[in-house]
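Heads up: the structure comes next, in C-alpha cells.
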Amino acid sequence: MSEQMEIINGVRIKYRYKKRKYDTQHMLFIFSGFGGAGMFTWDFANALQDCPAHVVWIKDDFHDACTYYLCHNNDFYVEQAVIAFVEKMLFRHNLNKTQCTLAGFSKGGSAALWYGLKYNFKNIISTVPQFHIGSYARNHWPEVFMHMTGEASEAAARQLDALLPHQLTNDRAVDKNIYLLTSEADIQYESEVKPYIPEFRKYQNFNLFMARSMLIREHNQVTSYHVPLLLGIFYSLSQGAVPRYGDCELTADNTLLPRPLKPQPVAVLKKVAVKNALLFPEGIAVLKGLDCTEYQDIQVDLVFKADNFEELFRIAKAHRPILTRQLYDGGFVNYDKGWFCTLRYEGLSLEALPAGTYQLFLDITCQQTWARKALETEPSQANAMLAVSEALEVFSHEGNVYITRKAGL
C-alpha cells in the first residue's frame with residue numbers, strides 16, 4: 222500500500238488508500254497522531270487491512286512538518302485543502318457524509334473532532350485527543366507549533382487553544398455518533414478531555430469509554446490497548462450497524478502478581494547492528510515476576526564467554542512500557558525498564574576484546590536477585606547470520622547468540 226498524492230488548491234495531500242471489500246458503502250478517514258520515531262506515522266495501517274470499508278489515511282505532512290491538519294504559518298489553507306480532499310474522495314465513490322467515519326488518535330483525535338464537528342460528519346471516533354492544541358504543541362512539539370503559527374507567542378497558542386472548545390460548544394447539529402476513548406491514567410486527561418465531557422452529552426449518540434487497566438499508564442497506551450474495541454466500532458459502522466454503548470468503564474483484571482520464589486530470567490535479542498568494532502544490541506532483559514519500574518530497579522551486564530575466558534560489559538536500559546503488556550502472564554508486573562541497549566545508543570566498543578568466538582549471556586540483577594541467561598534470538602532467527610562488519614560477526618546457532626571478533630582488525 223504505497224503513498225499517493227493529490228494536489229488540492231495547490232496543496233499536496235499525501236495519503237494511502239485501501240479499497241472496500243464487496244459492496245460496502247462506507248469510507249473511513251484516518252487522522253494520525255505523532256509517530257513514535259518521528260513526526261509522521263500511519264495509524265492502524267495494518268489493523269484495518271481487512272476492514273470492509275474504503276479506508277483513506279491522510280498524512281499530516283505539509284511542508285515537511287505536522288500541522289494538526291490545520292494551518293501553516295497561521296494560514297488555514299491546510300484545513301481547506303484537507304476538507305476538499307475528503308469531500309472529493311466521497312464524491313469519487315458516490316458516498317455522502319453519513320456514509321463515512323472520521324477517526325483519529327491523539328493529534329489525529331483532535332483533527333477527527335475538528336472536521337467532524339465543523340463540517341457536520343455523522344460518525345466520529347476520537348481517542349485521547351488534545352483540546353488545547355496550541356499549548357500542547359508549544360510545550361511538547363515546539364517545532365510543530367512554530368510551523369503552524371510562524372511565531373512562538375503565547376497569544377498564538379491561545380488562538381489555537383480556543384478552536385476545538387469553541388466548535389464543540391457552538392455545535393447545534395447533535396444527531397451524531399461520537400465515540401470518545403480516554404483514561405484517567407493519561408496525564409493529559411485532566412486538562413485536555415475531562416472539562417469537555419459534559420458538553421459532549423448533548424449528542425444523541427455519545428459514547429464515552431473510560432479505560433481502567435493497570436496496563437495503561439501513559440497517553441500512548443490507551444489506543445493501542447483497545448485496538449479490538451476500535452476495530453469492532455469501525456467494522457460495525459462500515460456495515461451500517463451503529464453501536465450505542467453510552468458510558469462504558471473498560472475494566473480489567475488488575476491483580477498484582479505475587480513475587481515468585483525463583484524468578485526466571487528472560488534474555489531475548491530483538492535488534493542488533495555492528496559498525497567496525499562497535500556492537501549495537503537491543504532486546505528484553507527481565508526477571509519474570511519482578512518489577513523494574515525505575516532504572517535503578519534493574520542492572521544488566523552483557524557477558525562474552527569462551528573457553529576459560531569471560532568478560533562483562535555494563536549496558537544501559539531504556540523505557541519500553543509496551544513490555545509490561547507483552548510479557549503479561551496472569552497478573553500485573555511492571556517491566557517498563559526491561560529493555561537493554563547501549564548507552565545513548567552509541568554502541569559498545571569491542572576494540573580490546575581478544576580475537577575469537579564468544580557466546581553471549583546476560584547477567585540480570587533485579588530487586589537484589591541475580592540470574593544469568595544465555596542470550597536468545599526469536600525462533601525465526603534460530604540459525605542465522607545477524608550482523609557483519611569488518612571486525613565483527615554476530616550469528617545465532619540453535620537459538621543462542623554468538624559473536625566472532627575477527628583477528629587483526
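In this text, residue positions in the sequence shown follow our numbering: the first is 222, and each later residue adds one.
Quick reminder that beta carbons are idealized off the backbone N, C-alpha and C, glycines included.
Keep in mind it's a predicted model, so treat the numbers as computed, not measured.
Exercise. For proline 484, is the classification buried or exposed, using 16 other Cβ atoms within 10 angstroms of its Cβ as the cut-off for buried?
Worked result: buried
For this session: Note down the Cα distance separating threonine 586 from aspartate 468, rounded to an integer number of angstroms.
Result: 44 Å
Problem set entry | Sufficient close CB pairs (3 or more, under 8 Å) joining the region 428–448 to the region 345–354 | yes
Exercise. Within this structure, are the beta carbons of tyrosine 243 and valine 277 separated by less than 8 Å?
Worked result: no
Problem set entry | Between the CA atoms of glycine 559 and valine 507 - distance to the nearest angstrom | 5 Å
For this session: Kindly indicate which residue of Ala332, Gly504 and Asp285 has the alpha-carbon position closest to the one of leucine 389.
Result: Ala332
For this session: To the nearest angstrom, report how far apart serine 568 and leucine 533 are at their CA atoms.
Result: Inspection of the sequence shows that residue 568 is occupied by glycine rather than by serine. Their backbone Cα atoms lie some 15 Å apart in a straight line.
For this session: Within its chain, find whatever has a CB closer than 6 Å to the CB of asparagine 428; leave out the 5 residues flanking it on each side and keep chain order.
Result: Tyr400 and Tyr466
Exercise. Among all the DSSP beta bridges, which residues are the ones paired with tryptophan 560?
Worked result: Ile505 and Ala539
Problem set entry | Distance, alanine 305 Cα to glycine 355 Cα | 24 Å
Exercise. From this set, Phe252, Leu249, Trp263 and Thr245, which residue's C-alpha is nearest methionine 222's C-alpha?
Worked result: Trp263
Exercise. For histidine 440, which of helix, strand or coil comes out of DSSP?
Worked result: coil
Exercise. In three-state DSSP terms, what is valine 365?
Worked result: helix
Exercise. What's the call for serine 486, buried or exposed, on a 16-neighbour Cβ count within 10 Å?
Worked result: Residue 486 is actually proline in this sequence, not serine. It counts as buried.
Exercise. From the DSSP output, which residues share a beta bridge with lysine 239?
Worked result: Val276
Problem set entry | Spatial distance of histidine 361 from phenylalanine 326 (CA atoms) | 17 Å
Problem set entry | In DSSP terms, what glutamine 380 is bridged to | Its beta-bridge partners do not exist; DSSP assigns none.
Problem set entry | Assumed close pair valine 232, valine 307 - CB separation to whole angstroms, cut-off 8 Å | 13 Å between Cβ atoms; not a contact.
Problem set entry | Host beta strand (DSSP E) of methionine 606 (start-end) | 606–609
Exercise. What does DSSP give as the partner residues of cysteine 513 in its beta bridges?
Worked result: According to DSSP, cysteine 513 bridges with nothing at all.
Exercise. Is it right to say arginine 626 is buried, meaning 16 or more other beta carbons lie within 10 angstroms of its own, or is it exposed?
Worked result: buried
Exercise. Who pairs with glycine 325 in a beta bridge, going by DSSP?
Worked result: Phe252 and Ser347
For this session: Would you check if the distance between the CB atom of leucine 402 and the CB atom of cysteine 321 is smaller than 8 Å?
Result: no
Exercise. Leaving out five residues before and five after lysine 491 in sequence, what residues of the same chain have Cβ atoms less than 6 Å from its Cβ?
Worked result: Glu503 and Gly504
Problem set entry | Straight-line gap, cysteine 666 to leucine 384 (C-alpha atoms, nearest Å) | Outside the shown range of the chain, which is 222 to 630, sits residue 666, and nothing can be said about it.
For this session: Hey, could you find the ends of the alpha helix (DSSP H) arginine 565 is sitting in?
Result: Here arginine 565 belongs to no alpha helix (DSSP H), and DSSP marks it neither H nor E.
For this session: Within 10 angstroms of the Cβ of asparagine 344, are there 16 or more other Cβ atoms? Answer buried if so, exposed if not.
Result: buried
For this session: Decide if aspartate 512 is buried, meaning its Cβ has at least 16 other Cβ atoms within 10 Å, or exposed.
Result: buried
Exercise. For proline 481, which residues from the same chain have a beta carbon less than 6 Å from its beta carbon, with the 5 sequence-adjacent residues on both sides left out?
Worked result: Gly510
For this session: Kindly give me the distance between the Cβ atoms of isoleucine 251 and phenylalanine 265, rounded to whole angstroms, as I take these residues to be in contact under 8 Å.
Result: 6 Å
Problem set entry | Exposed unless 16 or more other CB atoms sit within 10 angstroms - verdict on glycine 337 | buried
Exercise. Can you tell me where the beta strand (DSSP E) with glutamate 470 in it begins and where it stops?
Worked result: 468–472
Exercise. When you compare each of Gly330, Ala537 and Asn529 to aspartate 518 by their alpha carbons, which one comes out closest?
Worked result: Ala537
Exercise. Is proline 273 closer than 8 Å to glutamine 409 when the C-beta atoms are compared?
Worked result: no
Exercise. So what's glutamine 631 in DSSP terms, helix, strand or just coil?
Worked result: Residue numbering for the chain in the displayed model covers 222 to 630; residue 631 lies beyond these limits and cannot be assessed.
For this session: Pick helix, strand or coil for glutamine 520, following the three-state DSSP scheme.
Result: strand
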